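Q:
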Amino acid sequence: MAQNTQKVGWIGMGRMGYAMAERLVKSGHDVSIWNRTRAKAEPLAAYGGKIVDKPSDLAGVDVLFSIVSTGDDLKQVYFGENGAATGAKVPPVLVDCSTISVDSSADIRAELTKRGGEFVACPVSGNAKVIKAGKLSAVASGPEAAFRKAEALINVIAPHGVSYVGDGELARVCKIAHNVMLGVVIENLIEITLLVNKMGVSRSAFLKFLNNSVMGSTFTAYKSPALVNLDWTTTFTPELMRKDMDLGLELGREMDVTMPVTAAAREMIQTHFGAAQLQKDPEAYLEKDFAALMETMALLSGMHLEPENVPTPTGLEH
1 MAQNTQKVGW IGMGRMGYAM AERLVKSGHD VSIWNRTRAK AEPLAAYGGK IVDKPSDLAG
61 VDVLFSIVST GDDLKQVYFG ENGAATGAKV PPVLVDCSTI SVDSSADIRA ELTKRGGEFV
121 ACPVSGNAKV IKAGKLSAVA SGPEAAFRKA EALINVIAPH GVSYVGDGEL ARVCKIAHNV
181 MLGVVIENLI EITLLVNKMG VSRSAFLKFL NNSVMGSTFT AYKSPALVNL DWTTTFTPEL
241 MRKDMDLGLE LGREMDVTMP VTAAAREMIQ THFGAAQLQK DPEAYLEKDF AALMETMALL
301 SGMHLEPENV PTPTGLEH
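Start counting the sequence shown at 1; every next residue gets the next number (UniProt numbering).
#1: Below 9 Å between beta carbons: does that hold for methionine 215 and isoleucine 131?
#2: Just to confirm my understanding: we take alanine 106, look at its own chain, exclude 5 residues before and 5 after, and list those with CB closer than 6 Å. What are they?
#3: So for valine 201, helix, strand or coil by DSSP?
#4: With 16 other CB atoms within 10 Å as the buried threshold, where does alanine 292 fall?
#5: Could you tell me the distance, in whole angstroms, from the CA atom of aspartate 73 to the CA atom of alanine 205?
#6: Hey, out of Ala152, Ala133, Met181, whose CA is closest to alanine 263's CA?
#7: If you follow the alpha helix (DSSP H) that serine 104 is part of, which residue opens it and which one closes it?
#8: Measuring only the C-alpha atoms, how far is arginine 253 from asparagine 179?
#9: Once you ignore the five residues that flank valine 68 on each side, which residues in its own chain have a CB closer than 6 Å to its CB?
#10: Tell me the residue span of the alpha helix (DSSP H) that contains lysine 75.
#11: CA-CA distance, leucine 316 and alanine 133?
#12: At a cut-off of 8 Å, is lysine 129 close to the ligand HEM when judged by its beta-carbon and the heavy atoms of the ligand?
#13: Is it buried or exposed for leucine 300, if we count other Cβ within 10 angstroms and need 16 for buried?
#14: Tell me, please, which residues DSSP counts as bridged to glutamate 118.
#15: Is it the case that the Cβ atoms of lysine 7 and serine 32 are separated by a distance below 9 Å?
#16: Between the beta-carbon of alanine 140 and the beta-carbon of valine 185, is there less than 9 Å?
#17: Please state whether the Cβ-Cβ distance between tyrosine 18 and leucine 44 is less than 9 Å.
#18: Quick one: using the 10 Å Cβ neighbour count with 16 as the cut-off for buried, is arginine 203 buried or exposed?
#19: Please state whether the Cβ-Cβ distance between leucine 278 and leucine 230 is less than 9 Å.
#20: Between glycine 200 and threonine 235, what straight-line distance do the alpha-carbon atoms span, to the nearest angstrom?
#21: For isoleucine 157, collect the residues of the same chain with a Cβ closer than 6 Å to its Cβ; drop the 5 residues on either side in sequence, then sort them by chain order.
#22: Where does lysine 7 fall in DSSP's three states?
#23: Tell me the rounded alpha-carbon separation between leucine 207 and serine 224.
#24: Taking 6 Å as the limit between beta carbons, can you name the residues of its chain near asparagine 155, skipping five residues before and five after?
#25: Is arginine 38 buried or exposed, if buried means 16 or more other CB atoms sit within 10 Å of its CB?
#26: Tell me where the beta strand (DSSP E) around residue 319 begins and ends.
#27: Which residue's Cα is closest to the Cα of alanine 265: Val257, Leu195, Met241?
#28: DSSP state of valine 124, grouped into three classes?
#29: I'd like to check one pair, arginine 115 with valine 90: are the Cβ atoms closer than 9 Å?
#30: Which residue's Cα is closest to the Cα of valine 102: Glu151, Gly87, Lys243, Thr218?
#31: Below 8 Å on the Cβ atoms is my guess for proline 92 versus glycine 117; work out the distance and round it to an integer in Å.
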């Protein structure tokens, strides 16, 4: 089936989901969208997106994408009341881009198989800005034939590339490993930035040097404006980061793989949750970006940070 004739369903209009679905809609695909809060999906109607009232309205699509926060959320939209897989007809290919546990993904796969749907685990790497810049990437696992049916659509969402790594839940393992590295790298990046800053180097100057060096990366570049100007606009919350670190450590224990650096990084994130209680509104503070961890680490280093107010490139500029 040619990709431009496929009927596509989409569930999830969060920071990532909206930007991903937007790429499909604006590229001319037939996309029907459900989101718990309908208003978040409605702007895509102006570009041709079709907003539906319940997940079961997506049962007739050829490929159904989803991106939600947890495995329980995914089970609810698939198998709960008016779920996408509860009717006589089930989407033949279901592609999930969420970051969930291996066990939860396996349970969902088994249930979908019973109901006649093929499940492709397809978590992605990036944030909304990365998506808009066309630099999102993905990793996929599941039945290869099902993956191939969705591959062209995935490439619209993740034009930086999708890697098929095999059957079952192997993509979940890859994404958990990816996010473990994310947690470790942000903490080390903050550590060294605070070190040079305390010794008299501006954060902007140091990060410019780092990003121009062999140690710079897409990630260090696009987090630099946050660290320079203390802009904690949310891309990923500390709670989600903690969840993923825990998933990684759990896999390490199961497979007898030692992960001492991950364990230390996870406890630093936990420290951030404790330090948040010193804020006027701890709950709101913990909804800010995970890079706000810099404030906790500065506190532990006897430092008071101020924004440098220096324009800092993200590396994602066109």
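A virtual CB, placed ideally from N, CA and C, is assigned to each residue, including glycine.
All values reported here derive from a predicted model rather than from experimental measurement.
A: On the basis of the data shown:
#1: Here the question's residue 215 lines up with position 215 in the sequence shown. Here the question's residue 131 lines up with position 131 in the sequence shown. The answer is no: Cβ separation not under 9 Å.
#2: Here residue 106 is taken as the residue at index 106 of the sequence shown, counted from 1. Excluding residues within five positions, the ones whose Cβ falls inside 6 Å are Glu169.
#3: Residue mapping note: residue 201 aligns to position 201 of the sequence shown, counting from 1. Note: valine 201 maps to coil in three-state DSSP.
#4: One-based indexing of the sequence shown puts residue 292 at position 292. By the 10 Å Cβ count, alanine 292 comes out buried.
#5: Taking the first residue of the sequence shown as 1, we reach residue 73 at position 73. Taking the first residue of the sequence shown as 1, we reach residue 205 at position 205. If you take the alpha carbons of aspartate 73 and alanine 205, they lie about 43 Å apart.
#6: To locate residue 263, count along the sequence shown from 1; it is residue 263. Nearest option by C-alpha distance: Met181.
#7: Here residue 104 is taken as the residue at index 104 of the sequence shown, counted from 1. Start and end: 102 to 114.
#8: Residue 253 sits at position 253 when you count from the first residue of the sequence shown. Residue 179 sits at position 179 when you count from the first residue of the sequence shown. Cα to Cα, arginine 253 sits roughly 17 Å from asparagine 179.
#9: If you number the sequence shown from 1, residue 68 lands on position 68. Only Gly12, Leu74, Ser98 meet the Cβ criterion.
#10: Taking the first residue of the sequence shown as 1, we reach residue 75 at position 75. Counting along the chain, the alpha helix (DSSP H) containing lysine 75 begins and ends at 71 to 79.
#11: Reading the sequence shown from its first residue, position 316 is the one you call residue 316. Reading the sequence shown from its first residue, position 133 is the one you call residue 133. If you take the alpha carbons of leucine 316 and alanine 133, they lie about 6 Å apart.
#12: Questions concerning the ligand HEM fall outside what the structure shown contains, since it holds no ligand whatsoever.
#13: By 1-based counting over the sequence shown, the position of residue 300 is 300. Looking at its Cβ environment, which holds fewer than 16 other Cβ atoms inside 10 Å, leucine 300 is exposed.
#14: Numbered from 1 along the sequence shown, position 118 holds the residue referred to as residue 118. Paired residues: Val93.
#15: Along the sequence shown, read from residue 1 onward, the residue named residue 7 stands at position 7. Along the sequence shown, read from residue 1 onward, the residue named residue 32 stands at position 32. Yes, Cβ-Cβ distance for lysine 7 and serine 32 is below 9 Å.
#16: For the purposes of this step, residue 140 is identified with residue 140 of the sequence shown, where counting begins at 1. For the purposes of this step, residue 185 is identified with residue 185 of the sequence shown, where counting begins at 1. In this structure, valine 185 does not lie closer than 9 Å to alanine 140 by Cβ.
#17: Taking the first residue of the sequence shown as 1, we reach residue 18 at position 18. Taking the first residue of the sequence shown as 1, we reach residue 44 at position 44. Yes, they are a contact pair.
#18: For this step, residue 203 is matched to residue 203 along the sequence shown. With 16 or more other Cβ atoms within 10 Å, it is buried.
#19: Taking the sequence shown and counting its residues from 1, one reaches residue 278 at position 278. Taking the sequence shown and counting its residues from 1, one reaches residue 230 at position 230. Not a contact, by the Cβ cut-off of 9 Å.
#20: In the sequence shown, the residue the question calls residue 200 occupies position 200. In the sequence shown, the residue the question calls residue 235 occupies position 235. Glycine 200 and threonine 235: Cα-Cα distance of roughly 29 Å.
#21: The sequence position of residue 157 within the sequence shown is 157, counting from 1. The answer, listed in chain order, is Met20, Arg23.
#22: Looking up residue 7 in the sequence shown gives position 7. Of the three classes helix, strand and coil, the one that applies to lysine 7 here is strand, per DSSP.
#23: Position 207 of the sequence shown, counted from the start, is the residue given in the question as residue 207. Position 224 of the sequence shown, counted from the start, is the residue given in the question as residue 224. Between leucine 207 and serine 224, the C-alpha separation is close to 7 Å.
#24: Locating residue 155 in the sequence shown gives position 155, where the first residue counts as 1. Here the set comprises nothing.
#25: As a working note, residue 38 is residue 38 in the sequence shown. So arginine 38 ends up on the exposed side.
#26: The question about residue 319 has no answer, for the chain in this structure spans 1 to 318.
#27: Residue numbering aside, residue 265 sits at position 265 when the sequence shown is read from its first letter. Checked all of Val257, Leu195, Met241; the closest Cα to alanine 265 is Met241.
#28: Start at 1 with the first residue of the sequence shown, and residue 124 comes out as number 124. The answer is strand: DSSP assigns valine 124 an E or B state.
#29: Residue numbering aside, residue 90 sits at position 90 when the sequence shown is read from its first letter. Residue numbering aside, residue 115 sits at position 115 when the sequence shown is read from its first letter. Cβ atoms of valine 90 and arginine 115: closer than 9 Å.
#30: Against the sequence shown, residue 102 aligns to sequence position 102. Taking only the C-alpha atoms, the option nearest valine 102 is Lys243.
#31: The sequence position of residue 92 within the sequence shown is 92, counting from 1. The sequence position of residue 117 within the sequence shown is 117, counting from 1. The pair is a contact, with the Cβ atoms about 6 Å apart (cut-off 8 Å).
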